[in-house]
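Encoded as structure tokens, the structure appears first; notes follow it.
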Amino acid sequence: MRGLRLGVLVSGSGSNLQSIIDAVENGKLKSQIVCVISNKEQAYGLERARGHNLPAIFINPKAGSYDEVLLNTLKEHEVDLVVLAGYLKIIDKELIEAYKGRIINIHPSLLPKYGGKGYYGIHVHEAVIAAGEKESGATVHHVDIGIDTGDTILQRKLEVYAEDTAESLQKRILSEIEHKILVEAIALLEGRA
Ligand code: GRF
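Position 157 of the sequence shown, counting from 1, maps to 157 under the numbering used here, and the rest follow consecutively.
As structure tokens, then:
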């Protein structure tokens with residue numbers, strides 16, 4: 001059983017990317033990260049990648065050929081599995097076709113709840129708190145043509161405390177759930193490859 005060649009897409013801090021880097025470095029994953037790509041030049045995720053000598057590639061979303069360049073970059077690096085780790089840009093249809101069944105995303109809610117347009121980052125947790133939910137969590141799912149609609153690979157929940165704010169909930173979901181299930185989901189897919 002060989003590992004996968006991972007292409008990780010980030011738009012922000014990249015703490016989920018860091019959990020994959022750590023799992024590769026400590027041998028929990030057999031896969032390797034072959035490139036980290038961002039639509040944001042200043043994304044800290046790119047900085048993390050450089051710190052671990054991983055190819056860190058910024059693709060300018062204002063250059064008209066963004067989706068084409070992204071697809072070509074993934075192909076050039078012979079990526080097997082595309083991991084969306086806090087990537088805040090809609091994935092183009094052609095990329096979904098080219099990597100059918102081989103793109104996964106992490107979302108900080110119990111999908112199908114709090115998924116879809118407008119539910120990203122802190123907004124997800126604000127909505128959960130506003131609705132008075134007793135539990136929340138995160139989901140790793142396959143990416144299809146919809147937003148946050150693909151088949152679930154792993155989902156895990158935790159209790160929402162009465163004193164939780166959107167920020168405290170976001171922090172706990174990230175550290176207690178996201179950073180674990182993203183790595184576990186990749187390990188599951190390694191097993192199937
Ligand atoms: C995470 O909550 C992820 O689920 C969401 O965006 C956030 C990214 O965090 N899609 P980070 O950049 O991995 O720290």
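We treat Cβ as the ideally placed atom computed from N, Cα and C, and that holds for glycine. Bear in mind the structure is a predicted one, so any value in this text is a computation, not a measurement.
Residue i: first and last residue of the uninterrupted beta strand (DSSP E) it sits in
| i | result |
| --- | --- |
| LEU88 | Where LEU88 is concerned, there is no enclosing beta strand (DSSP E), given that its DSSP letter is neither H nor E. |
| HIS142 | 135 to 142 |
| ARG102 | Taken as a continuous stretch (DSSP letters only), ARG102 belongs to no beta strand (DSSP E), as it is neither H nor E. |
Closest by C-alpha distance to residue i, when choosing among the options
| i | options | result |
| --- | --- | --- |
| ILE91 | ALA138, THR149 and GLY3 | THR149 |
| LEU88 | GLY27, PRO108 and GLY191 | PRO108 |
| GLY51 | GLY64, VAL36, ILE59 and ALA63 | VAL36 |
| GLY14 | LEU71, LEU4 and GLN42 | GLN42 |
| VAL10 | LYS30, ASN53 and PHE58 | PHE58 |
| LEU169 | GLU190, ASP151 and ALA138 | ALA138 |
| GLU196 | TYR66, LEU189 and ALA130 | This structure cannot settle anything about residue 196, because the visible part of the chain is limited to 1 through 193. |
| HIS179 | LEU71, VAL140 and THR165 | VAL140 |
| ASN39 | GLY115, GLY45 and ASN60 | ASN60 |
| SER65 | GLU94, ASN53, VAL124 and GLY45 | GLU94 |
| ARG102 | TYR120, LEU81 and ALA85 | LEU81 |
| ILE145 | ALA85, GLY132, ALA166 and LYS100 | LYS100 |
Residue j beta carbon less than 8 Å from that of residue i
| i | j | result |
| --- | --- | --- |
| ASN105 | VAL69 | no |
| ILE181 | LEU158 | no |
| ILE20 | VAL79 | no |
| HIS77 | GLY7 | yes |
| ARG5 | VAL34 | yes |
| ILE200 | LEU29 | Because the chain spans 1 through 193 in this model, residue 200 falls outside it and cannot be assessed. |
| LEU17 | ARG48 | yes |
| SER31 | GLU190 | yes |
| GLY116 | ILE147 | yes |
Any non-hydrogen atom of ligand 3 within 7 Å of residue i CB
| i | result |
| --- | --- |
| TYR114 | Although ligand 3 was asked about, the structure shown includes only ligand 1 as ligands. |
Residue i: first and last residue of the uninterrupted alpha helix (DSSP H) it sits in
| i | result |
| --- | --- |
| ILE147 | Taken as a continuous stretch (DSSP letters only), ILE147 belongs to no alpha helix (DSSP H), as it is neither H nor E. |
| GLN32 | Careful: GLN32 lies outside any alpha helix (DSSP H), inside the beta strand (DSSP E) at 32 to 38. |
| ARG172 | 166 to 172 |
| ILE57 | Element bounds for ILE57: not the alpha helix (DSSP H) but the beta strand (DSSP E), 56 to 58. |
| VAL183 | 179 to 192 |
| HIS125 | 122 to 130 |
| SER65 | SER65 -> no alpha helix (DSSP H), and no H or E assigned at all. |
| GLN42 | GLN42 -> no alpha helix (DSSP H), and no H or E assigned at all. |
| LEU214 | Residue 214 falls outside the range modelled here, since the chain spans only 1 to 193, and no answer is possible. |
| ASN26 | No alpha helix (DSSP H) contains ASN26, which DSSP labels as neither H nor E. |
Identified DSSP bridge partners for residue i
| i | result |
| --- | --- |
| GLU159 | GLU135 |
| LEU84 | LEU9 and ASN105 |
| LEU154 | VAL140 |
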